[in-house]
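Structure first, commentary second.
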Amino acid sequence: MVNNHRPHGRTPARWEADLLKLRAFEMVLVLFYMEDLKKLILAAIEFTDKLNDVNRLDDGEPKTKEPKESKKIKLARAVLV
Numbered sequence: 004m005v006n007n008h009r010p011h012g013r014t015p016a017r018w019e020a021d022l023l024k025l026r027a028f029e030m031v032l033v034l035f036y037m038e039d040l041k042k043l044i045l046a047a048i049e050f051t052d053k054l055n056d057v058n059r060l061d062d063g064e065p066k067t068k069e070p071k072e073s074k075k076i077k078l079a080r081a082v083l084v
């Protein structure tokens with residue numbers, strides 16, 4: 004005799020479905036806050052660079068090219084670590 008632990012079929016129970024929705028919402032919030040933190044860190048690095056006048060070369064000429072976003076992220080990671 005087979006013991007059926009899911010009397011309503013293969014669909015998740017109501018509490019299981021609600022729990023899955025809650026976990027998915029928590030993951031969306033984590034992604035949102037991580038993106039917000041990334042923007043804050045990049046803004047802080049840009050502001051610090053402006054204060055320290057890092058965008059100038061040794062001879063006083065301004066740099067013509069801004070670093071790409073991924074390079075900024077790598078720089079931020081290096082600074083924070």
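Counting in the working numbering, the sequence shown runs from 4 upward without gaps.
Every residue, glycine too, gets a C-beta built ideally from N, C-alpha and C.
The model shown is predicted, which means the values in this text are computed figures rather than measured ones.
Residue range of the alpha helix (DSSP H) that includes residue i
i   : result
T14 : Note, T14: premise wrong, no alpha helix (DSSP H); not H, not E.
Pair within 7 Å by beta-carbon distance, residue i and residue j
i   : j   : result
K75 : L45 : yes
Presumed contact (8 Å Cβ cut-off) between residue i and residue j, rounded CB distance
i   : j   : result
P15 : L25 : With 8 Å as the limit, P15 and L25 do not qualify as a contact, their Cβ atoms being about 13 Å apart.
Query raised in the report: Can you list, in chain order, the stretches of the beta strand (DSSP E) that have 3 or more residues and sit fully within the segment 20 to 51?
Result: none
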